[in-house]
Amino acid sequence: MSPASFETLLNLLMLLAWFGVLALWWAVKRGGRRGRIAERAREAAFSQRLDSAPVDVDGDDPRLRAQLMRRLATLGNKLPLFDAKYRAELGRQMVRGGHRGKLAVPVLVAVKFLFGIVCATLAVMLGSHMPVVGRYAAARAILMVFVFMVGMIVPEYVLALLAERRRRAMASCLPDALDLLVICTNAGNSLAVSIRRVANELASICPPLSEEFSLTADELKLSGDSERALRRLAERIDLPSIRALISALTQSMRYGTPITQALRTLSRTERLAHIVGLEEKAAKLAPKMVLPMMVFILPAVVVIAAGPAVIQVLEFFAKQ
Numbered sequence: 001m002s003p004a005s006f007e008t009l010l011n012l013l014m015l016l017a018w019f020g021v022l023a024l025w026w027a028v029k030r031g032g033r034r035g036r037i038a039e040r041a042r043e044a045a046f047s048q049r050l051d052s053a054p055v056d057v058d059g060d061d062p063r064l065r066a067q068l069m070r071r072l073a074t075l076g077n078k079l080p081l082f083d084a085k086y087r088a089e090l091g092r093q094m095v096r097g098g099h100r101g102k103l104a105v106p107v108l109v110a111v112k113f114l115f116g117i118v119c120a121t122l123a124v125m126l127g128s129h130m131p132v133v134g135r136y137a138a139a140r141a142i143l144m145v146f147v148f149m150v151g152m153i154v155p156e157y158v159l160a161l162l163a164e165r166r167r168r169a170m171a172s173c174l175p176d177a178l179d180l181l182v183i184c185t186n187a188g189n190s191l192a193v194s195i196r197r198v199a200n201e202l203a204s205i206c207p208p209l210s211e212e213f214s215l216t217a218d219e220l221k222l223s224g225d226s227e228r229a230l231r232r233l234a235e236r237i238d239l240p241s242i243r244a245l246i247s248a249l250t251q252s253m254r255y256g257t258p259i260t261q262a263l264r265t266l267s268r269t270e271r272l273a274h275i276v277g278l279e280e281k282a283a284k285l286a287p288k289m290v291l292p293m294m295v296f297i298l299p300a301v302v303v304i305a306a307g308p309a310v311i312q313v314l315e316f317f318a319k320q
């Protein structure tokens, strides 16, 4: 057997051993007759929930995408990789990122697992060509496990970046939303009607904030518990300004103070904070531009200014 064939066979054996460990762990987690019966009951309930749950899809072929999401959700629901506490944390991250469907957490778990498997496979295939790692099977195994863990973290990191971008978009539009709330409450509308009108006005300006306000208006209309609906809004958006808004509205409803006055004060404060933030960004712009100017602009200026003199000096010494 040639060395290349032996390396390929060794890599395949390592991959099979890795999948075997995962399968054994899965079997141990699901072991026992009661565990199997409970698992069947959970699978039946989850399948019924998948069939009855509406799936929000966009694209040219929504059926294909919906089927793919269901398969990923089924896989993520069966994987025993994370406990209930971690899945709840993932659910909160998905909600803050704007994904609040029933399939959100299982799909994220499946994507994390599949991306880790892809990264581990690539690490095994490319590790044999590395000068240090390729010599030792243990080094390749350690590399495979490490890359698998990193691959599991990457989708969650991307989700955090998207959620942070969404939070910044909502924070920039919040002063305008507060001004609209002041106008609606001055017109005599209730809190639920005012939030609904503001959501409709923000649909084309800031869709994430409009979506959150629409959901809050629906909760106020259905449940009637204003404090609970406002607390859920603060949990979904997770912004200090939103928490201040919820605190002001809750105190106004609890002690009977006018909501319009609290909204007007908060709107003025948020707009002033937004202007201060813009001024801070403008003040930080000059130091940030120093290094790019030194690297890209200063050499060109030196060449243009000193280039003719250097050419003349070289010509003078060439004639001597």
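With the UniProt record's numbering, the residue at position 215 of the sequence shown is 215, and numbering never jumps.
Glycine included, each C-beta is placed from N, C-alpha and C at the ideal position.
- For F82, which three-state DSSP category applies? coil
- Sort P308, M294, E227 and D238 by Cα distance to T250 and report the nearest one. E227
- Message: If contacts are defined as beta-carbon pairs under 8 Å, then E270 and P175 qualify, I think. What distance do you get, rounded to the angstrom?
- Response: 5 Å
- Task: Would you identify the three-state DSSP class for G151, choosing helix, strand or coil?
- Result: helix
- Item | Exposure label - I311; buried when at least 16 CB within 10 Å | exposed
- Item | DSSP three-state assignment for N189, whether helix, strand or coil | coil
- Which listed residue (T74, L239 and P299) has its alpha carbon closest to that of R168: L239
- Message: One question on the structure: do G76 and A110 come within less than 8 Å of each other, judged by their Cβ atoms?
- Response: yes
- CB contact flag (S194, L215, <8 Å): no
- Task: Classify L122 as helix, strand or coil using the three-state DSSP reduction.
- Result: helix
- Task: Report all residues from its chain with a CB closer than 6 Å to the CB of R96; omit the five preceding and five following residues, and keep chain order.
- Result: A163 and D238
- Would you mind sorting L220 into buried or exposed? The rule is 16 or more other CB atoms within 10 Å of its CB. buried
- Message: So, under 8 Å CB-CB, R197 and C184 are touching, yes? Tell me the CB distance rounded to an integer number of Å.
- Response: 5 Å
- Query: Going by other Cβ atoms of all chains shown within 10 Å of its Cβ, with 16 needed for buried, is I304 buried or exposed?
  - Reply: exposed
- Item | Presumed contact (8 Å Cβ cut-off) between L178 and L266, rounded CB distance | 6 Å
- Message: Output needed for F46: all residues of its chain with C-beta closer than 6 Å, excluding positions within five of it in sequence on either side, in chain order.
- Response: Because F46 carries a pLDDT of 48, less than 50, the predicted location of this residue cannot be relied on, and no value is offered for it.
- Query: Going by alpha carbons, who is nearest to A199 out of P80, M170, L191 and E211?
  - Reply: E211
- Per-residue burial, F213 [other beta carbons within 10 Å of its own, 16 or more giving buried]: buried
- Query: DSSP three-state call for H274: helix, strand or coil?
  - Reply: helix
- Message: I need the DSSP call for G256, collapsed to helix, strand or coil.
- Response: coil
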